[in-house]
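Engineer:
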Amino acid sequence: MTASGALESPAASRPLPSAAAFAHRLRRGLAMKEDPSTAAYDRIMRRLGISIGIAGVIFGFVELPQIAEQGRYAPAWWTVLAVVLAFGWYPVIAVVSAVSGPRATRFVCGCAAVGFLGALASIPFGLEMHTVDSTTVWLYRVAPVAVTAAVLAWPTRLTVTYLLVACTSAAAATVYTVTAATPQNVGENFLRAAGLAALCVWCGTAATGAAARVDRESAIASRRAAAQAAAQARDRERARFAALIHDAVLSTLLEASRAGTASDVLQRQAERTLEQLDEYRGDERDPDLLDARSAVLFLRAAVHEINPSIRFATRTWPGYDDLRMPVHSASTIAAALTEAVRNSLRHAAVPGREVRRTVTATVSAGSIRIAFSDDGAGFDLAAVSADRLGISMSILGRMRQLAGGSAFVESQLGEGTTVTLVWGGDGSR
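Read left to right, the sequence shown gives residues 223 to 651 (our numbering).
(1) Which whole-angstrom value is the C-beta distance of residue 600 and residue 636, which I expect to be below 8 Å?
(2) By how many angstroms is the C-alpha of residue 525 removed from the C-alpha of residue 540?
(3) With H, G and I counted as helix, E and B as strand and the rest as coil, what does DSSP make of residue 299?
(4) Taking residue 312 as the reference, which of 292, 274, 303 and 516 has the closest Cα?
(5) Got a sec, what are the start and stop residues for the beta strand (DSSP E) residue 632 sits in?
(6) Between residue 268 and residue 543, what straight-line distance do the alpha-carbon atoms span, to the nearest angstrom?
(7) Output the distance between the C-alpha atoms of residue 376 and residue 437, rounded to the nearest integer angstrom.
(8) If you check the beta carbons only, do residue 453 and residue 521 fall under 8 Å apart?
(9) Considering only their Cβ atoms, is the gap separating residue 356 from residue 406 smaller than 8 Å?
(10) Which residues in the same chain as residue 344 place their Cβ atom closer than 8 Å to its Cβ, once the five residues preceding and following it in sequence are excluded?
(11) Helix, strand or coil for residue 646 per DSSP?
(12) Distance check for residue 337 and residue 388, CA to CA, integer angstroms please.
(13) Quick check on the DSSP output: the beta strand (DSSP E) that includes residue 534 runs from which residue to which?
(14) So, are the CB atoms of residue 270 and residue 349 less than 8 Å apart?
(15) Buried or exposed: residue 646, going by 16 or more other Cβ atoms within 10 Å of its Cβ?
(16) What did DSSP end up calling residue 281 once you bin it into helix, strand or coil?
(17) Taking the DSSP output, what are the residues bridged to residue 590?
(18) Using only alpha-carbon positions, find the residue among 403, 442 and 513 that is nearest to residue 457.
(19) Using 8 Å as the threshold, is the C-beta distance between residue 598 and residue 639 below it?
(20) Could you give the DSSP three-state label for residue 366: helix, strand or coil?
(21) For residue 534, does the count of other Cβ atoms within 10 angstroms reach 16, so buried, or fall short, so exposed?
(22) Does the Cβ-Cβ distance between residue 422 and residue 346 come in under 8 Å?
(23) Given a cut-off of 8 Å, decide if residue 558 and residue 617 are closer than it, judged by their beta-carbon atoms.
(24) Answer with buried or exposed for residue 391, where buried requires no fewer than 16 other C-beta atoms within 10 angstroms of its C-beta.
(25) Using DSSP's beta-bridge definition, name the partner residues of residue 579.
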């Protein structure tokens, strides 16, 4: 199988319907703009955004009876405006989080949070003082959802400030609208809203913070592995040079000091030593370039850091010694490979039997091909949801952004999964 044929996924040849094709291009284009080094943070942002969007829509439907009841005390235009400001952004949040990146998600979540404050600020224009015959105005109960959206939109300090402003404004709106508001009732309402909103802030901050820490640790591990591989390459070069000095230069000088007179053997040995020195001096070696052995050791170490029991096999083709891979490229491939391993460990388990996992590295002149396969549960590629950034960004996206890199995924339900990563220093596939 040629390299170009191997890289063509069967799914790529099937025509997509126009709407699906548009969504596919949109997701791919937006994913290309994301930084693969923040994969875990992006994934948790996307899932939280979808969850908050759906929760806001559900919350709006639940509040409809109260909105209709209290709408009797206000003009229809205000009720519609308040509903749009309080709930209108949540379906947008769900859609944007499903098809876009964290930057767009943060923007629409910020709009939702500001929209809630706008709805509270509009109360004096739509409701008269002390006209609502209830314990609270319906906007009061929306505060925790708005604060949750603020968690995704802004830093923690700004979110806490927003929490205080939103809950205080909601309590003040109750004082303004409710007919029989007492200080105790208002205080209880504020504490109830602030307590629930604080819980949402804590959960959201903990989730995004944990994801950011995962990204930082992953980047640190990749840099350490890259530095170790570069150090090993430099050590091998030093050992090679030391061996050349000892075995060729010093032995030639020692033989010359013993012989005392010229000889054909000594002359040939001296000529060979000079040739070796010229070859070493002419070698353009960069400590930040990994040769074939260093690249394979680097990738094997990255895999075994995740799971030491995974079999790592190596195949070589003629000319493999010519491979020179930049440490940056090796780090990118290692990050994509380890993400494939993690996905397999998380999702490929089959009850009742052990799943076999294998990595095969094929090295040829100037290129390397890494194939990770398991015989686990597998999955339907067509059914992969948009929030599976582990595939679209952390694997395929990383390799697309790498010069000379490419990747594809093959899987079927019940038949396991194969992830193939290819890198060629000349940019060929």
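Here a beta-carbon is modelled for each residue, glycine too, at the ideal position from N, C-alpha and C.
Structural biologist: In brief:
(1) 6 Å
(2) 26 Å
(3) helix
(4) 274
(5) 627-633
(6) 43 Å
(7) 19 Å
(8) no
(9) no
(10) 300, 303, 304 and 307
(11) strand
(12) 11 Å
(13) 533-538
(14) no
(15) buried
(16) helix
(17) 585 and 645
(18) 513
(19) yes
(20) helix
(21) buried
(22) no
(23) yes
(24) buried
(25) 596
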